[in-house]
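S.K.:
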């Protein structure tokens with residue numbers, strides 16, 4: 007079979023993973039990224055066992071694990087700091103093959119870019135149009151025009167590819183709450199456990215990063231598009247400064263200019279992730295709220311599944327239909343589950359909060375782990391991919 011070409015629109019986690027998966031199967035790939043460089047300004051990212059299983063297929067699991075931190079345990083607390091539920095990371099690893107690993111998004115992105123030939127990465131290549139020319143996809147971008155065998159839209163929540171080829175699809179919908187993300191400076195006594203604390207219409211969570219730092223996140227039910235009057239850091243202190251330990255100490259270790267605020271959205275279900283020889287992947291296909299920590303994990307699953315479907319067949323369109331059948335039901339179910347968990351976490355009516363917290367406290371740990379099996383028990387479609395000779399590290 008002659009070498010085939012793929013254009014990946016979007017240089018985030020999902021797009022780069024798809025490029026690696028195809029590159030290692032002999033495809034010629036180009037990754038078009040509108041930003042001037044391949045980088046990530048986010049904070050922490052959770053890689054659950056299913057994501058690490060996908061990274062094993064890409065041959066990158068060991069490298070990525072070495073960049074992350076593994077906590078002893080995590081769980082959920084109430085507004086007074088009492089544990090509602092706890093999960094042992096060792097038990098998670100025993101059941102699902104890997105522990106929960108947390109690292110900085112920039113470190114993960116760097117590991118992915120280093121697994122690709124430098125000449126396949128095209129920063130500063132904003133895409134202006136995507137259309138079909140007699141069955142062949144065409145991508146117009148700042149660097150010219152590409153006519154590959156396959157186009158992958160991995161360009162996020164407000165995907166240009168999706169808007170071009172799915173013009174009637176519903177746009178992103180606001181979840182009803184905003185989020186703050188931040189990373190502390192190294193702590194003298196890093197915490198060995200993470201937690202999410204549920205309040206009334208507010209949440210605050212934290213988890214360990216390498217080097218003694220902690221990744222923290224917070225949410226509050228607010229109208230979309232809001233900006234804090236003084237600073238986002240001051241708003242966090244006002245809302246969460248009196249919460250149970252260790253929240254005040256963690257906020258004190260956050261640089262005041264290092265707080266990111268983003269409204270949270272998900273994507274209503276699409277009728278298909280494919281259009282001819284164009285496939286959507288990651289947030290472009292199934293953007294979800296971060297309540298399950300599965301956004302990037304599902305994008306990694308998408309990438310290796312897509313490559314598997316394309317392997318060994320010259321019929322790209324048929325392969326993409328298989329990809330759609332495999333990925334759309336699963337990812338849309340996880341999107342719904344994440345939305346339900348978020349709505350539960352954001353409850354603010356006191357009787358509903360009391361009922362929620364009581365139910366969480368009475369749920370056995372084994373039942374919680376069992377409920378996670380449909381998400382974390384995903385099995386990769388095949389074994390590790392061979393490295394290619396022109397791969398760069």
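Residue numbers (the working numbering): 7 to 399.
Every residue, glycine too, gets a C-beta built ideally from N, C-alpha and C.
Keep in mind it's a predicted model, so treat the numbers as computed, not measured.
How would you write the range of the beta strand (DSSP E) that residue 267 sits in, first residue to last?
M.R.: Counting along the chain, the beta strand (DSSP E) containing residue 267 begins and ends at 266–272.
S.K.: Beta-carbon within less than 7 Å of residue 61's beta-carbon, same chain only, minus the 5 sequence neighbours each way: which residues are those?
M.R.: Correct list, in chain order: 67, 70, 306.
S.K.: Identify the continuous beta strand (DSSP E) that holds residue 208 and give its terminal residues.
M.R.: Unbroken beta strand (DSSP E) run through residue 208: 208–214.
S.K.: Buried or exposed, going by whether 16 or more other CB atoms sit within 10 Å of the CB of residue 20?
M.R.: So residue 20 ends up on the buried side.
S.K.: Hey, could you find the ends of the alpha helix (DSSP H) residue 336 is sitting in?
M.R.: It spans 322–351 - the alpha helix (DSSP H) in which residue 336 sits, taken as one unbroken run.
S.K.: Which ranges would you report for the alpha helix (DSSP H) in the segment 23–73 if only whole runs of at least 4 residues count?
M.R.: If we require 4 residues or more, the alpha helix (DSSP H) runs fully inside the segment 23–73 come out as 55–64, 67–72.
S.K.: Residue 39: buried (16+ other C-beta within 10 angstroms of its C-beta) or exposed?
M.R.: Residue 39 comes out buried.
S.K.: Which full runs of the alpha helix (DSSP H) of 4+ residues lie inside the segment 173–257, going along the chain?
M.R.: For the segment 173–257, whole alpha helix (DSSP H) runs of length 4 or above, ordered along the chain, are 238–246.
S.K.: Do the CB positions of residue 128 and residue 159 come within less than 8 Å of each other?
M.R.: No, Cβ-Cβ distance for residue 128 and residue 159 is not below 8 Å.
S.K.: Does the segment 350–360 touch the segment 298–317, meaning 3 or more C-beta pairs lie closer than 8 Å?
M.R.: The segment 298–317, when compared against the segment 350–360, does not touch it at the 8 Å Cβ threshold.
S.K.: Three or more beta-carbon pairs under 8 Å between the segment 163–180 and the segment 258–277, yes or no?
M.R.: Contact holds: three or more Cβ-Cβ distances are below 8 Å.
S.K.: Work out the CA separation of residue 111 and residue 12 for me, nearest whole Å.
M.R.: Computed Cα separation, rounded: 25 Å.
S.K.: What would DSSP say about residue 394, mapped onto helix, strand or coil?
M.R.: Only weak support exists for where residue 394 lies, its pLDDT of 40 falling under 50; the value from the coordinates is given anyway. The answer is coil: DSSP assigns residue 394 none of H, G, I, E or B.
S.K.: Do you know offhand how far residue 171's Cα is from residue 251's?
M.R.: So the alpha carbons of these two residues sit roughly 49 Å apart.
S.K.: Cβ atoms of residue 283 and residue 140: under 8 Å apart, would you say?
M.R.: It is not a contact, given that the beta carbons lie outside the stated cut-off.
S.K.: Going by DSSP in three states, residue 409 sits in which element: helix, strand or coil?
M.R.: Because the chain in this structure spans residues 7 to 399, residue 409 falls outside the shown range and cannot be described.
S.K.: Per DSSP, what are the beta-bridge partners of residue 159 in this structure?
M.R.: Beta-bridge pairing links residue 159 to 15, 286.
S.K.: Within the same chain, show all residues whose beta-carbon is closer than 6 Å to that of residue 17, passing over the 5 residues directly before and after it, in chain order.
M.R.: If we look at residue 17 and ignore the five residues flanking it on each side, its Cβ neighbours are 37, 39, 44.
S.K.: Determine the contact status of residue 190 and residue 219, defining contact as a CB-CB distance below 8 Å.
M.R.: A contact, by the Cβ cut-off of 8 Å.
S.K.: Once you ignore the five residues that flank residue 117 on each side, which residues in its own chain have a CB closer than 8 Å to its CB?
M.R.: Same-chain partners within the cutoff: 66, 69, 70, 73.
S.K.: Taking 8 Å as the threshold (C-beta atoms), are residue 331 and residue 322 in contact?
M.R.: Their beta carbons are not under 8 Å apart, which means residue 322 does not touch residue 331 by this criterion.
S.K.: Among the residues of its own chain, which have a CB less than 7 Å from the CB of residue 338, if the five just before and after it don't count?
M.R.: Within the same chain, residue 338 has close Cβ partners 275, 292.
S.K.: Looking only at its own chain, which residues have a Cβ that is under 7 Å from the Cβ of residue 362, when we skip the five neighbours before and after it?
M.R.: Result list for residue 362: 350, 353, in chain order.
S.K.: Just to confirm, are residue 310 and residue 387 a CB contact at a threshold of 8 Å?
M.R.: Cβ atoms of residue 310 and residue 387: closer than 8 Å.
S.K.: Looking at the structure shown, is residue 357 part of a helix, part of a strand, or coil, going by DSSP?
M.R.: Reduced to three states, the DSSP call for residue 357 is helix.
S.K.: Mind checking residue 54: buried by the 16 CB within 10 Å criterion, or exposed?
M.R.: Classification of residue 54: buried, given that the 10 Å Cβ count is 16 or more.
S.K.: For residue 171, does the three-state DSSP call read helix, strand or coil?
M.R.: DSSP places residue 171 in helix when its eight states are reduced to three.
S.K.: Does residue 278 come out as helix, strand or coil in the three-state DSSP assignment?
M.R.: In the structure shown, residue 278 sits in coil (DSSP, three-state: anything other than H, G, I, E or B).
S.K.: Out of curiosity, what's the CA-to-CA distance linking residue 226 and residue 208?
M.R.: So the two alpha carbons sit approximately 4 Å from each other.
S.K.: So what does DSSP say about residue 370, is it helix, strand or coil?
M.R.: In the structure shown, residue 370 sits in coil (DSSP, three-state: anything other than H, G, I, E or B).
S.K.: Mapping DSSP to helix, strand and coil, what is residue 399?
M.R.: Because the pLDDT of residue 399 is 31, which lies under 50, any placement of that residue in the model is unreliable, and the number read from its coordinates should be weighed accordingly. It is coil, neither helix nor strand.
S.K.: When the Cα atoms are used, what is the spatial distance from residue 211 to residue 84?
M.R.: Near 11 Å, if we compare the C-alpha coordinates of residue 84 and residue 211.
S.K.: List the residues that DSSP assigns as beta-bridge partners of residue 384.
M.R.: The partner list for residue 384 (beta bridge, DSSP) is empty, contrary to what the question assumes.
S.K.: In the DSSP assignment, the alpha helix (DSSP H) including residue 295 goes from what residue to what residue?
M.R.: Per DSSP, residue 295 belongs to no alpha helix (DSSP H) and is neither H nor E.
S.K.: So, is residue 151 buried or exposed, given that buried needs 16 or more other C-beta atoms within 10 angstroms?
M.R.: Exposed.
S.K.: Going by CA-CA distance only, name the one from 131, 268, 145, 52 that's closest to residue 105.
M.R.: Of 131, 268, 145, 52, the residue nearest in Cα terms is 52.
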